[in-house]
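In our numbering, the protein residues as written are 1 to 664. For each residue, glycine too, the CB sits at the ideal point set by N, CA and C. Below is one structure; the comments refer to it alone.
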């Protein structure tokens with residue numbers, strides 16, 4: 001027979017042994033797959049998650065009714081239909097969203113064709129892959145326990161699938177899965193620390209239809225106040241020497257808005273990039289590390305005013321600090337800022353035009369008020385004070401639920417509703433400035449922050465979103481003016497809670513002190529999770545390995561790291577096996593036999609080393625014939641229980657009772 005013929009015959013031969021499929025193992029597998037697929041309901045079109053769960057439910061119903069697997073032709077047609085629907089939805093099969101949807105739907109169809117042990121194992125390993133895929137969508141700490149539970153359920157299914165006789169109880173499978181997890185932890189820790197890191201994590205892959213959170217590139221009445229409904233963290237800042245600036249200086253600069261259409265402010269197309277050369281620092285620089293949560297935009301909310309750039313960042317013409325790529329994952333930036341400064345003493349013609357532009361025939365009443373106040377003013381600085389005094393003296397109110405604006409928004413706000421939030425006051429103030437010929441613009445970002453004394457960082461939430469104004473004055477350049485301070489100075493110097501008379505619309509964390517303290521402790525855990533796990537990139541890895549290698553050369557660093565890894569794994573496994581040994585319950589059969597030998601040793605009939613039970617019993621009976629019946633009974637129970645495949649609980653009780661009743 002030729003070699004090729006032998007090869008064909010070997011490849012087509014059926015395996016000699018096909019392990020049986022246990023129904024309970026398949027139900028556990030379907031449970032694990034359902035848990036793995038549930039999170040995708042929040043990240044993919046909802047019909048994909050629902051279809052996946054329906055496919056699992058159909059398979060569970062098939063197993064319950066002990067029906068045969070669905071014919072392959074029908075499955076192929078159904079899978080092709082699913083593939084077509086994904087193409088219609090995403091217009092591609094590549095990318096994070098389309099690829100995850102394809103994986104989920106095909107896995108659902110795969111469960112319907114499980115016929116052999118091999119099919120079940122392949123489906124199980126695909127389930128593990130789906131669990132890993134979940135991290136591409138969310139790396140939050142609160143998501144980790146759910147994924148661990150899901151992986152644990154799949155591991156229980158793994159043990160059940162390999163229990164071919166199906167005789168082991170569920171408790172045994174649970175213990176085996178826990179042991180496997182425990183043994184994997186030391187290896188996981190070592191690999192996490194020393195395995196080479198990618199320069200950019202996989203979860204930074206661009207996604208279609210990303211949900212953008214936080215400050216946007218435009219602002220209209222109501223935009224900022226909507227963000228106050230969210231207590232989600234925007235970023236965290238740790239300062240050199242743990243000394244943050246005073247509360248009134250905690251302005252975190254974001255998008256600068258110069259274009260106005262009468263209701264909405266937006267960014268301009270003026271995008272010349274320049275170095276920080278027109279900023280004159282007049283005070284002490286603040287050195288700090290900013291950990292920015294993903295918001296899928298490019299803004300880095302530096303402390304006003306950013307004094308320099310760092311690797312991967314640049315400054316726009318409006319002094320916005322920008323990342324060269326969208327912030328799709330938590331990122332850390334080493335920054336410096338000046339809270340006392342002079343910026344742009346000279347404006348070019350294009351900047352001046354943009355900073356004075358107003359829609360034609362807009363805000364006629366506002367323009368009339370500007371003319372009146374300007375006529376009463378000595379100069380631009382005096383005019384600014386008169387506008388702020390107007391806000392302070394008129395019956396304006398600071399509220400999260402202002403009346404809806406109609407007609408000309410600026411006139412309607414200043415002369416009719418007189419209710420608003422920071423964006424209302426910043427917008428109307430800039431219009432009043434421009435109407436008087438003073439260059440001005442709106443700046444959005446965040447104000448304040450809450451100091452976490454446990455981890456020594458400042459937490460800025462989405463609810464700290466804020467808008468203020470910048471005006472340009474001769475010999476001074478761009479100067480920050482916050483008109484909110486004229487109506488609600490508590491917002492600048494303290495918190496939003498003290499500035500609002502009605503706090504019912506604020507998040508619960510802001511209204512209840514106990515919840516806020518618990519939230520800060522949870523955020524501390526999130527901070528360290530982000531710092532040492534999600535943010536453990538190639539740079540942090542190299543820095544840590546350099547410290548571990550104590551300044552050795554590359555080969556020495558590798559050797560030291562390897563030895564430390566082996567030591568951690570060895571210690572971890574040793575600890576696990578010791579705990580398992582100490583927690584192991586003694587065998588009741590052996591314990592009863594040992595109790596018998598101790599009693600007999602007390603009358604001078606100690607068991608000899610390596611003496612079998614029957615010979616020991618014969619020697620005892622020769623010396624003490626009166627114990628013959630009891631000893632034979634006990635030894636009979638012991639041999640039967642010790643060497644049989646299954647133990648009878650009743651016989652174990654009879655053995656224990658007989659040994660206890662023996663009184664030699």
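Original post:
Under a three-way DSSP split, which group does residue 488 fall into?
Top reply: One-based indexing of the chain shown puts residue 488 at position 488. In the structure shown, residue 488 falls within a coil segment according to DSSP collapsed to helix, strand and coil.
Original post:
Which residue comes first and which comes last in the beta strand (DSSP E) that contains residue 378?
Top reply: For the purposes of this step, residue 378 is taken as residue 378 along the chain shown, with counting starting at 1. No beta strand (DSSP E) contains residue 378, which DSSP labels as neither H nor E.
**OP:** Pick out the complete alpha helix (DSSP H) segments inside the region 334-409, 4 residues or longer, and give them in chain order.
**Re:** DSSP runs (the alpha helix (DSSP H)) wholly in the region 334-409: 349-356, 364-375 and 380-393.
Subject >> Distance between beta carbons of residue 638 and residue 655, contact taken as under 8 Å >> reply: Your numbering for residue 655 matches position 655 in the chain shown. Your numbering for residue 638 matches position 638 in the chain shown. Confirmed, Cβ separation roughly 7 Å.
Original post:
Would the beta-carbon of residue 293 fall within 8 Å of that of residue 375?
Top reply: Your numbering for residue 293 matches position 293 in the chain shown. Your numbering for residue 375 matches position 375 in the chain shown. No, Cβ-Cβ distance for residue 293 and residue 375 is not below 8 Å.
Subject >> Selection from 285, 250 and 101 that minimises the alpha carbon distance to residue 84 >> reply: The residue given as residue 84 occupies position 84 in the chain shown. 101 is the residue among 285, 250 and 101 whose C-alpha sits nearest the C-alpha of residue 84.
Original post:
Among 132, 362, 44 and 110, which one has its Cα closest to the Cα of residue 89?
Top reply: Residue numbering aside, residue 89 sits at position 89 when the chain shown is read from its first letter. Relative to the Cα of residue 89, the nearest Cα in the group 132, 362, 44 and 110 belongs to 44.
Subject >> Where the beta strand (DSSP E) through residue 238 begins and ends >> reply: Position 238 of the chain shown, counted from the first residue, corresponds to residue 238. For residue 238, the enclosing beta strand (DSSP E) covers residues 233-239.
**OP:** Would you decide whether residue 110 is buried or exposed? Buried here means 16 or more other CB atoms lie within 10 Å of its CB.
**Re:** Position 110 of the chain shown, counted from the start, is the residue given in the question as residue 110. Buried, by the Cβ-count rule.
Original post:
Would DSSP call residue 67 helix, strand or coil?
Top reply: Indexing the chain shown from 1 puts residue 67 at position 67. Three-state DSSP puts residue 67 in coil, outside helix and strand.
**OP:** Pick helix, strand or coil for residue 443, following the three-state DSSP scheme.
**Re:** Residue 443 sits at position 443 when you count from the first residue of the chain shown. In the structure shown, residue 443 falls within a strand segment according to DSSP collapsed to helix, strand and coil.
**OP:** Put residue 460 into one of helix, strand or coil per three-state DSSP.
**Re:** Within the chain shown, numbered from 1, the residue matching residue 460 stands at position 460. Residue 460: strand per DSSP, three-state reduction.
**OP:** Report yes or no: do the region 66-73 and the region 178-195 share at least 3 C-beta pairs separated by less than 8 Å?
**Re:** The region 66-73 makes no contact with the region 178-195; the number of CB pairs closer than 8 Å stays below 3.
**OP:** Going by DSSP, name the residue or residues bridged to residue 306.
**Re:** For the purposes of this step, residue 306 is taken as residue 306 along the chain shown, with counting starting at 1. Its beta-bridge partners are 337.
Original post:
Residues bridged to residue 218 by DSSP?
Top reply: Translated into the one-based positions of the chain shown, residue 218 becomes position 218. Answer is 266.
Subject >> 8 Å CB neighbourhood of residue 671 in its chain, flanking five on each side removed >> reply: Outside the displayed range of the chain (1 to 664) lies residue 671, so it cannot be described from this structure.
Original post:
What does DSSP give as the partner residues of residue 477 in its beta bridges?
Top reply: Indexing the chain shown from 1 puts residue 477 at position 477. In the DSSP assignment, the residues bridged to residue 477 are 343 and 473.
Subject >> Identity of the residues DSSP links to residue 281 by a beta bridge >> reply: In the chain shown, counting from the first residue as 1, residue 281 sits at position 281. According to DSSP, residue 281 bridges with 341.
Subject >> Every unbroken alpha helix (DSSP H) within the region 414-439, with a cutoff of 4 residues, ordered by chain >> reply: Complete alpha helix (DSSP H) runs here, min 4: 422-435.
**OP:** Could you say if the region 128-146 and the region 521-533 meet the contact criterion of at least three C-beta pairs nearer than 8 Å?
**Re:** The region 128-146 is in contact with the region 521-533.
Subject >> Three-state class that DSSP yields for residue 649 in the structure shown >> reply: Walking along the chain shown from the start, residue 649 turns up at place 649. In the three-state scheme derived from DSSP, where H, G and I count as helix and E and B as strand, residue 649 is classed as helix.
Original post:
When you compare each of 300, 285, 283 and 284 to residue 291 by their alpha carbons, which one comes out closest?
Top reply: Position 291 of the chain shown, counted from the first residue, corresponds to residue 291. Closest by alpha carbon: 300.
Original post:
What residues match up with residue 256 in a beta bridge as DSSP calls it?
Top reply: In the chain shown, the residue the question calls residue 256 occupies position 256. Residue pairing by DSSP places residue 256 opposite 443 in a beta bridge.
Original post:
How long is the line joining the alpha carbons of residue 340 and residue 95, rounded to whole angstroms?
Top reply: As a first step, residue 340 must be located in the chain shown, where it is residue number 340. As a first step, residue 95 must be located in the chain shown, where it is residue number 95. Distance between the alpha carbons of residue 340 and residue 95 is about 46 Å.
Subject >> Proximal residues to residue 653 (C-beta, below 8 Å), its chain only, five neighbours per side dropped >> reply: The count along the chain shown starts at 1 and reaches residue 653 at position 653. Excluding sequence neighbours, residue 653 sits near nothing in its chain.
Original post:
Taking C-beta to C-beta, are residue 288 and residue 247 nearer than 8 Å?
Top reply: Within the chain shown, the letter at position 288 stands for residue 288. Within the chain shown, the letter at position 247 stands for residue 247. Not in contact: residue 288 and residue 247 (Cβ atoms no closer than 8 Å).
Original post:
Which residue from 542, 153 and 312 puts its Cα closest to that of residue 196?
Top reply: Translated into positions along the chain shown, residue 196 becomes position 196. For the residues 542, 153 and 312, the minimum Cα distance to residue 196 belongs to 542.
Original post:
Can the beta-carbon of residue 223 be found closer than 8 Å to that of residue 266?
Top reply: Locating residue 223 in the chain shown gives position 223, where the first residue counts as 1. Locating residue 266 in the chain shown gives position 266, where the first residue counts as 1. Not in contact: residue 223 and residue 266 (Cβ atoms no closer than 8 Å).
Original post:
Which value, in whole angstroms, describes the spacing of the CA atoms of residue 318 and residue 433?
Top reply: By one-based count along the chain shown, residue 318 stands at place 318. By one-based count along the chain shown, residue 433 stands at place 433. Cα to Cα, residue 318 sits roughly 18 Å from residue 433.
**OP:** Please classify residue 296: does DSSP put it in a helix, a strand, or coil?
**Re:** Numbered from its first residue, the chain shown carries residue 296 at position 296. It is coil, neither helix nor strand.
**OP:** Kindly indicate which three-state DSSP category residue 14 falls into: helix, strand or coil?
**Re:** Taking the chain shown and counting its residues from 1, one reaches residue 14 at position 14. A caution first: residue 14 carries a pLDDT of 49, below 50, which makes its placement in the model too unreliable to give a value.
**OP:** Report the rounded CA-to-CA distance for residue 252 versus residue 446, giving the unit in angstroms.
**Re:** For the purposes of this step, residue 252 is taken as residue 252 along the chain shown, with counting starting at 1. For the purposes of this step, residue 446 is taken as residue 446 along the chain shown, with counting starting at 1. Pairing residue 252 with residue 446, the inter-Cα distance amounts to about 5 Å.
Original post:
Tell me the DSSP bridge mates of residue 466?
Top reply: For the purposes of this step, residue 466 is taken as residue 466 along the chain shown, with counting starting at 1. According to DSSP, which records beta bridges pairwise, residue 466 is partnered with 445.
**OP:** Report buried or exposed for residue 519, applying the criterion of at least 16 other Cβ atoms within 10 angstroms of its Cβ.
**Re:** Along the chain shown, read from residue 1 onward, the residue named residue 519 stands at position 519. Buried, since its Cβ has 16 or more Cβ neighbours within 10 Å.
Original post:
By DSSP, does residue 654 sit in helix, in strand, or in coil?
Top reply: The sequence position of residue 654 within the chain shown is 654, counting from 1. For residue 654, the secondary structure class from DSSP, reduced to helix, strand or coil, is helix.
Subject >> Per DSSP, the bridge partner or partners of residue 529 >> reply: Walking along the chain shown from the start, residue 529 turns up at place 529. DSSP, once it has assigned bridges, lists no residue as partnering residue 529.
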